[in-house]
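Peer 1: Attaching a single structure in structure tokens format; questions to follow.
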Amino acid sequence: DAMVIQNPRYQVTQFGKPVTLSCSQTLNHNVMYWYQQKSSQAPKLLFHYYDKDFNNEADTPDNFQSRRPNTSFCFLDIRSPGLGDAAMYLCATSRGGGTGELFFGEGSRLTVL
Amino acid sequence: GENVEQHPSTLSVQEGDSAVIKCTYSDSASNYFPWYKQELGKRPQLIIDIRSNVGEKKDQRIAVTLNKTAKHFSLHITETQPEDSAVYFCAAILGGNNNDMRFGAGTRLTVKP
Chain A
1 DAMVIQNPRY QVTQFGKPVT LSCSQTLNHN VMYWYQQKSS QAPKLLFHYY DKDFNNEADT
61 PDNFQSRRPN TSFCFLDIRS PGLGDAAMYL CATSRGGGTG ELFFGEGSRL TVL
Chain B
1001 GENVEQHPST LSVQEGDSAV IKCTYSDSAS NYFPWYKQEL GKRPQLIIDI RSNVGEKKDQ
1061 RIAVTLNKTA KHFSLHITET QPEDSAVYFC AAILGGNNND MRFGAGTRLT VKP
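Laid out in structure tokens, this is it:
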């Protein structure tokens, strides 16, 4: 049974056209993460939520925003996608407290035309 | 700056040989060190992890060792098989924010039959 579900799996957008990616979890985990992964690279942490507390990475562009309206859902908004934002976006969850495994969704692959 | 360094970036071994991948971390407060395996087009999957209160952990053909003094940890795969071919990522929780999980750059392991 899928525990971390991302939608859509594939997203094609035009340069500058806003995109929203969603993530939902059935694990009731405290922490939800968004990672960006480009081809042949490591997942790069964009931000994470511990409950409602938002933690932004210092080098995450302002173009990327996130919302977590409740425990189960988290959204990644890309306000004006550029060609360099084409990547796989991975959502992950963990129990929190620095002691737990990350559970990843299948990812959303973004293509920017 | 980079908080988790991983070496080598590529590793090719003959089936049946052992493979070792090494990571170093910068934050002495880090206390959780997972290893993820990512096959092409798939999400990262946890294969083994270690916490700072132990020096070694083994699960069948996979083992992880941790040297907290030197701030490095290693993945050991014995009796490698072609299905072990994948990209392997080490990761560490940064101590300052104990939900901030950072990944190493990854090692592409190829096991030749």
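Residue numbers (this note's numbering), protein chains in the order written: chain A, 1 to 113; chain B, 1001 to 1113.
Even glycine gets a Cβ: it sits at the ideal position worked out from N, Cα and C.
Quick one: using the 10 Å Cβ neighbour count with 16 as the cut-off for buried, is B:G1016 buried or exposed?
Peer 2: For the purposes of this step, residue 1016 of chain B is taken as residue 16 along the second sequence, with counting starting at 1. Exposed, because fewer than 16 other Cβ atoms sit within 10 Å of the Cβ of B:G1016.
Peer 1: Taking 8 Å as the threshold (C-beta atoms), are B:Y1032 and B:R1051 in contact?
Peer 2: In the second sequence, residue 1051 of chain B corresponds to position 51, counting from 1. In the second sequence, residue 1032 of chain B corresponds to position 32, counting from 1. Taking 8 Å as the Cβ cut-off, B:R1051 and B:Y1032 qualify as a contacting pair.
Peer 1: So with CB distances below 8 Å, who are the chain A contacts of B:P1034?
Peer 2: Walking along the second sequence from the start, residue 1034 of chain B turns up at place 34. Near B:P1034 (Cβ distances below 8 Å), the residues of chain A are E101, L102.
Peer 1: At 8 Å on the CB atoms, spell out the chain A contacts of B:A1086, in chain order.
Peer 2: As a working note, residue 1086 of chain B is residue 86 in the second sequence. Ordered by position in chain A, no residue passes the 8 Å Cβ test against B:A1086, which lies about 13 Å from the chain.
Peer 1: Report the CB separation of B:F1103 from A:A42 in whole angstroms; it is logged as a contact under 8 Å.
Peer 2: The residue you call residue 1103 of chain B lines up with position 103 of the second sequence. The residue you call residue 42 of chain A lines up with position 42 of the first sequence. B:F1103 to A:A42, Cβ: 4 Å. Contact.
Peer 1: Within 8 Å of any Cβ in chain B, is that where the Cβ of A:H48 sits?
Peer 2: Within the first sequence, the letter at position 48 stands for residue 48 of chain A. Yes, because at least one Cβ of chain B sits closer than 8 Å to the Cβ of A:H48.
Peer 1: Examine chain A for any beta-carbon lying closer than 8 Å to the beta-carbon of B:T1102, and answer yes or no.
Peer 2: Position 102 of the second sequence holds residue 1102 of chain B. Strictly speaking, residue 1102 of chain B in this sequence is Arg, with Thr absent from that position. Interface residue, yes.
Peer 1: Less than 8 Å between the beta carbons of A:A86 and A:V112, yes or no?
Peer 2: Numbered from its first residue, the first sequence carries residue 86 of chain A at position 86. Numbered from its first residue, the first sequence carries residue 112 of chain A at position 112. Yes, the Cβ-Cβ distance between A:A86 and A:V112 is below 8 Å.
Peer 1: Pick out whichever of B:A1019, B:T1069, B:N1003, B:D1059 has its Cα sitting closest to the Cα of B:A1086.
Peer 2: The residue labelled residue 1086 of chain B in the question sits at position 86 within the second sequence. Taking only the C-alpha atoms, the option nearest B:A1086 is B:A1019.
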